[in-house]
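K.L.:
Pasting in a structure now, in C-alpha cells, and then I'll have a few things to ask.
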Amino acid sequence: MKKVSIGLLAILSIILSACATTLPTSLQTTETKVDYMESSARVLEPTQSIMTTTLIADLKVIGNRITYTETKAFEKYEVTEGLISFVPSFKKIALCNAARANDADIIIGALVDVITNDKGRFEITISGYPARYTNFRNATEKDMELVKQGLAIAFNNNESALDNPQETAAHREIKTEQR
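Residues in the sequence shown are numbered from 4 upward in steps of one, following this note's numbering.
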C-alpha cells in the first residue's frame with residue numbers, strides 16, 4: 004500500500020508541476036519602490052461647524068540665530084522645470100527638519116534660500132530663531148484684543164512666501180539648460 008501511495012504522490016506531483024501557468028509579459032506587473040515623505044505643522048484645522056475655545060501660548064526663543072541647510076531630503080531629485088512647482092512643499096520640509104534639528108516647535112523670522120547645488124539638486128537653507136510654545140492657557144479678554152489685531156493684520160496682508168508660489172519671493176531666478 005505504501006508503494007502505491009508513494010507512486011500516486013509522485014505521479015500527482017509531476018502532473019501538477021506540468022500545469023504551471025505564466026502570464027504573458029503584457030499582463031505581468033513589476034513593483035516600483037516609491038519613497039514618500041510629508042511634513043505637517045498642523046493636523047486638524049478648525050472649521051465653521053466646530054466651536055473651540057481660543058487657546059493662547061507664549062513663544063520662547065531657545066537659542067541664537069541658526070542656519071540649517073537641507074540637502075538629504077532632496078538628493079534624489081534633479082532640478083527640472085517640472086520640479087520647481089514642488090519648491091513650496093520642499094521649503095516646508097526644510098523648515099520642519101530645521102525645527103526638529105534644533106528641538107524647536109517653530110523657526111521665528113525664517114529666511115528661506117533655495118539654490119541648485121553643484122550636483123544639480125535642491126539645496127534649501129533656513130535661517131532664523133528656534134522657539135518653543137510655552138505657557139498654554141485659555142484666552143482672556145485682553146488676549147482676545149491681541150487676537151483681533153493679529154487677524155486684522157493677517158487678513159489685510161494674507162500673502163505668504165511659503166504658501167503662495169506667485170512672485171512673492173524677494174528674489175527668484177530660474178535658469179534652464181538644454182541637456
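Glycine is no exception: its CB is placed at the ideal position from the N, C-alpha and C atoms.
1. Name the DSSP beta bridge partners of GLY66, please?
2. Can you round the beta-carbon distance between LEU60 and PHE139 to whole angstroms, since I take them to be within the 8 angstroms contact cut?
3. Output yes or no for whether 7 angstroms exceeds the beta carbon distance between ILE109 and TYR71.
4. Nearest by alpha-carbon distance to VAL82: which of ILE127, ALA101 and ALA157 is it?
5. Pairing CB atoms from the segment 114 to 123 with CB atoms from the segment 140 to 160, are three or more of them under 8 angstroms?
6. With a 10 Å radius around its C-beta and 16 neighbouring C-beta atoms as the bar for buried, classify VAL150 as buried or exposed.
7. Under a Cβ-count criterion, where at least 16 other Cβ atoms within 10 Å of its own Cβ denotes burial, should PHE183 be classed as buried or exposed?
8. Kindly indicate which three-state DSSP category ASN120 falls into: helix, strand or coil?
9. Please classify LEU98: is it buried, with 16 or more other beta-carbons within 10 angstroms of its beta-carbon, or exposed?
10. Below 7 angstroms between beta carbons: does that hold for GLY131 and ALA113?
11. Would you tell me roughly how many angstroms separate the C-alpha atoms of THR24 and TYR80, rounded to the nearest one?
12. By the 10 Å Cβ neighbour count, where 16 or more other Cβ atoms means buried, how is GLU73 classified, buried or exposed?
13. Consult DSSP for LEU84 and reduce its assignment to one of helix, strand or coil.
14. Measure the CB-CB distance between LEU62 and ALA134 and report whether it falls below 7 angstroms.
15. Taking LYS122 as the reference, which of VAL64, MET147 and GLU78 has the closest Cα?
16. Just to confirm, is the Cβ distance from ILE69 to ASN105 under 7 angstroms?
17. In angstroms, rounded to a whole number, what distance separates the CA positions of LYS145 and GLY66?
18. Can you give the Cα-Cα distance for ALA155 and GLU148, rounded to whole angstroms?
19. Per the DSSP calculation, THR72 is bridged to which residue(s)?
P.N.:
A quick look at the data gives this:
1. In DSSP, GLY66 forms no bridge with anything.
2. A small correction: the amino acid at residue 60 is Ala; Leu does not occupy that position in the sequence shown. Contact flag correct, Cβ pair sits at about 5 angstroms.
3. no
4. ILE127
5. no
6. exposed
7. The structure shown does not extend to residue 183, since the chain is modelled only from 4 through 182, so no value can be given for it.
8. coil
9. buried
10. yes
11. Interpretation of THR24 is limited by its pLDDT of 42, a score under 50 that renders its predicted location unreliable; no figure is taken from the coordinates.
12. buried
13. In the sequence as presented, Leu is not what sits at residue 84; that position holds Glu. Correct three-state label for GLU84: coil.
14. yes
15. GLU78
16. Contact flag set, yes.
17. 29 angstroms
18. Looking at the two C-alpha atoms, the distance is approximately 11 angstroms.
19. THR128
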